[in-house]
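Before any comments, here is the structure.
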Amino acid sequence: MAILYSCQPDGYRNASEARFLTDRTLQPERMGRCARAAWDHAVEQYRRASVPRPGVTTGHLLLGVLKHDACAGGLILGKLRLDLRLAYATTEFVLMYGRRHDVTDNRTTDWAGVPHTAAGREVLELALEEANLFSPTYPIGTEHLLLGLLRAPSGMGYRILYHFGLDARRVREARDELWELLRSPE
């Protein structure tokens, strides 16, 4: 099977350089249509939550990816046999009833006029890194949000995906297979 590119997050000299470059370029305009729809859904779920959170969490971002099953992230999860409805319901359940432990810092970072938890913002930065590995101008897609969630182990989104048996390696392989379909000779 051909892999379109190797998606290893080591194109930077170190993690602080990657974060510095990401912070400078992370703009809502960089999001593709599907990622923007997923992020909009995450923000909507954050705003209408019956249990308030300090900002958009990784759980909210996961809801956005799960909601858009016809986008790359949803197609990848479907290929990996994840029941998207069950994962969505589980994420809602965890957002509603999950308790935060050992968290004394409720600071948020404002991005695009919306507060995000530190982990939520980290996922957006990691998604940008994932898109940048393909091209510095490649739009952020839901596949990049999904990989960002899987690279942020302190987040709720990671724990939920891990609960369903998913990891970054399997998601990258499924993403590469999906992208290979786009290389049609017709």
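Heads up: the sequence shown is residues 165 to 350, going by this note's numbering. Beta carbons are placed, not taken as given, at the ideal position from N, Cα and C, and that holds for glycine.
CA-to-CA distance, residue j to residue i, given in whole angstroms
{"i": "D174", "j": "A236", "result": "Residue placement at D174 cannot be trusted, given a pLDDT of 38 that sits under 50; what the coordinates show is reported in the next sentence. Spanning the two alpha carbons is a distance of roughly 23 Å."}
{"i": "R188", "j": "E256", "result": "In this prediction, R188 scores a pLDDT of 48, lower than 50, which makes its location untrustworthy; the coordinate-derived value is nonetheless stated afterwards. Cα to Cα, the separation comes out at about 32 Å."}
{"i": "G319", "j": "E344", "result": "30 Å"}
{"i": "R336", "j": "A276", "result": "28 Å"}
{"i": "L346", "j": "R263", "result": "42 Å"}
{"i": "T254", "j": "Y322", "result": "13 Å"}
{"i": "P300", "j": "R212", "result": "34 Å"}
{"i": "R285", "j": "R334", "result": "24 Å"}
{"i": "L244", "j": "P216", "result": "32 Å"}
{"i": "A283", "j": "L290", "result": "10 Å"}
{"i": "V287", "j": "T281", "result": "10 Å"}
{"i": "S214", "j": "P349", "result": "50 Å"}
{"i": "E193", "j": "Y261", "result": "34 Å"}
{"i": "D340", "j": "L311", "result": "12 Å"}
{"i": "Y302", "j": "R315", "result": "19 Å"}
Beta-carbon separation (whole angstroms), residue i vs residue j, contact threshold 8 Å
{"i": "L309", "j": "A201", "result": "11 Å between Cβ atoms; not a contact."}
{"i": "L330", "j": "L246", "result": "7 Å"}
{"i": "D233", "j": "G223", "result": "Not confirmed; about 18 Å, so no contact."}
{"i": "P317", "j": "V220", "result": "Incorrect: roughly 18 Å between the Cβ atoms, too far for contact."}
{"i": "L230", "j": "L248", "result": "5 Å"}
Proximity below 9 Å, CB of residue i to CB of residue j
{"i": "F328", "j": "A206", "result": "no"}
{"i": "L325", "j": "L342", "result": "no"}
{"i": "Q209", "j": "L259", "result": "yes"}
{"i": "G238", "j": "I304", "result": "no"}
{"i": "A332", "j": "I240", "result": "no"}
{"i": "P218", "j": "T306", "result": "no"}
Opposing strand residues paired with residue i [DSSP bridges]
{"i": "W275", "result": "V278"}
{"i": "M195", "result": "I304"}
{"i": "V220", "result": "H280"}
Test: residue i CB closer than 9 Å to a CB of chain C
{"i": "T273", "result": "The chain labelled as chain C is not found in the depicted structure, where only one protein chain is given."}
On the three-pair Cβ rule with 8 Å, is the region 295–303 touching the region 201–214? no
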